[in-house]
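Structure first, then comments.
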Amino acid sequence: MATSPQVTLDLAGATADDVIAVARHEAQINIAPQVLAELASVRAHIDALASADTPVYGISTGFGALATRHIAPEDRAKLQRSLVRSHAAGMGNPVEREVVRALMFLRAKTLASGRTGVRPVVLETMVGLLNAGITPVVREYGSLGCSGDLAPLSHCALVLMGEGAATDRDGVQRPVPELFAEAGLTPVELAEKEGLALVNGTDGMLGQLLMALADLEELTDIADATAAMSVEAQLGTDQVFRSQLHEPLRPHPGQGRSAANMFAFLADSPIVASHREGDGRVQDAYSLRCSPQVTGAVRDTIAHARLVATRELAATIDNPVVLPSGEVTSNGNFHGAPVAYVLDFLAIAVADLGSIAERRTDRMLDPARSRDLPAFLADDPGVDSGMMIAQYTQAGLVAENKRLAVPASVDSIPSSAMQEDHVSLGWHAARKLRTSVANLRRILAVEMLIAGRALDLRKPLQPGPATSDVLELLRTKVQGPGEDRFLSAELEAADELLATGQVHRVLQAHLPK
């Protein structure tokens, strides 16, 4: 029996791989002893401030627009409960389990820094929830991405208190007290400062960014492969992908990598070799010839977003924050603008990558442009419709991604009686990017399915080793050319091959070193 992966929270923070391991692969979390020692030391300082006569924001005052009110000691536990309950105000469908797990782990990472002032028991209980597979129900709407992801984090904090709604490891919603008892956990009664420490952070938008980056790094390789299949299917040339035409002339790293991938994927292709001599066409269409320029630009956008995500992952975001000197001070680091911008940049890049894939696909279906392939790759055009409507589905996905490319981060709706008068809407940028990435995967699945059929129709000519391996995998789930049949199931099967990483694993042997 395989053991679960392990992740350790220490004072150095966490990596992107740690976040993915916890969010998607049920990694068990260990807390380093020095973290608990640091939390206890900082908490002693917070307790001293709480008992002092001088009001300190977030410790002995109200919050946000109500920060001017001093709160008596006997009301402070109620203040924390009230904060969490009132801020857990989300609506809409529950967000995905992996999003909530990423959100909670990133908040735990910040708590473990010692800069938030929480007691060790707060971190231990949050980690206990994650390790037990208990997932708070977080609703889709509620975050404006300023003061971080307040509503989503509050739904998680509410469960930490033993309230709210949560699901077990199997995704079944059950009473929270029952889940706590089963896991051997005790709900936390929040003390001064701890409510704010649990709900102020960019954890939701950052978690979704990190998962999108992981997905897109695979999908760009897959886009290079489906583009290569389309080049073969349309009797295109591989010569425009030679290395000397890319980085030496136009030194964008992403373009160079995608060109190298496509050149490798087309290596030793009998189809490409079959028309190397005597082919009257001077140039391939842009959707074929310029594939590395577009996919490469997506890669470079991913690289910039990865830089921002890495910086944000190294951040300690809370308000107020406890500085190493012991000073507890207000700040604006919870504003989500840096993360929101790159979430929107990625949505633009994803929309364009899907758009060029659809153009390659459409060329294979049009007998005027497909170089002697049957109309719509149908078995008996006119009687059969072939892949006609698969392209409609693909075009619909492309159209939706273009709408989703409209940036959320340029918008702002003031809140909290104009105290929070400029917000990032980073959570909204993250939510639409998740949809865009899933749509891109489906778009590439359609291209793979249609290019695969076109390659079969080129027989007895054979594709190269790389694209042959992809086609062989595809044929384990989807039949080759023939009479019209139920197509939706085949499209879903192709999408599953991408979603489960099977296609990407096949490509590993062919990627240039």
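Its first residue numbered 1, the sequence shown is counted upward by one per residue in full-length UniProt numbering.
For every residue, glycine included, the Cβ atom is placed at its ideal position computed from N, Cα and C.
Computed from a predicted model, the values in this text were never measured in an experiment.
Can you tell me whether P94 is helix, strand or coil according to DSSP?
strand
Spatial neighbours of Q293 within its chain, please: C-beta separation below 7 Å, excluding the five flanking residues on both sides.
Q255
So, with DSSP's three-state summary, where would you put S370?
coil
Going by DSSP, what residue range makes up the alpha helix (DSSP H) through Y341?
337-365
Should L158 and R85 be called a contact, given that it needs their Cβ atoms to be closer than 8 Å?
yes
Decide yes or no for the touch test of the region 30-37 against the region 50-60: beta carbon pairs closer than 8 Å, at least 3 of them.
With fewer than three CB-CB distances shorter than 8 Å, the region 30-37 does not count as touching the region 50-60.
Under the DSSP definition of a beta bridge, which residues are partnered with S269?
The bridge partners DSSP lists for S269 come to none.
Rounded to whole angstroms, what is the Cα-Cα separation between V437 and E74?
The straight-line gap from Cα to Cα measures roughly 49 Å.
First and last residue of the uninterrupted alpha helix (DSSP H) at N131:
120-131
I want to check one thing, is the minimum distance from the CB of R139 to the heavy atoms of the ligand MN below 7 Å?
Summarising the ligand content, the structure contains no ligands, and the ligand MN is consequently not present.
Leaving aside the five residues before and after R107 along the sequence, list all residues of the same chain whose C-beta is less than 8 Å from its C-beta, in chain order.
Taken in chain order, the residues that qualify are M126, L153, C156, L198, G201, D203.
Determine whether the beta carbon atoms of E194 and Q80 lie at a separation below 8 Å.
Going by beta carbons, E194 and Q80 fall inside the 8 Å limit.
Quick one: residues in its chain with C-beta nearer than 6 Å to the C-beta of R76, no 5 flanking neighbours on either side, listed in chain order?
E192
What residue from V231, V100, A214, Q239 has the CA that sits closest to R299's CA?
A214
Taking 8 Å as the cut-off, does the region 389-400 touch the region 330-350 (at least 3 CB pairs, one atom from each stretch)?
no
Where do the ends of the alpha helix (DSSP H) carrying R76 lie?
For R76, the enclosing alpha helix (DSSP H) stretches over residues 76-87.
Residues of its chain near I20, where Cβ-Cβ distance is below 6 Å and the 5 sequence neighbours each way are ignored
Taking I20 as the centre and dropping the five residues before and after it, the same chain places the C-beta of A214 closer than 6 Å to its C-beta, in chain order.
Along the chain, where does the beta strand (DSSP E) that runs through V188 open and close?
Counting along the chain, V188 falls outside any beta strand (DSSP E), and DSSP gives it neither H nor E.
Where V321 falls, given that 16 or more other Cβ within 10 Å makes a residue buried:
buried
On the CB-based measure, 16 or more other CB atoms within 10 Å of its CB, does M418 come out buried or exposed?
exposed
Are V446 and T500 touching if we call contact CB-CB under 8 Å?
no
Helix, strand or coil for Q6? Go by DSSP, reduced to three states.
Three-state DSSP puts Q6 in a strand.
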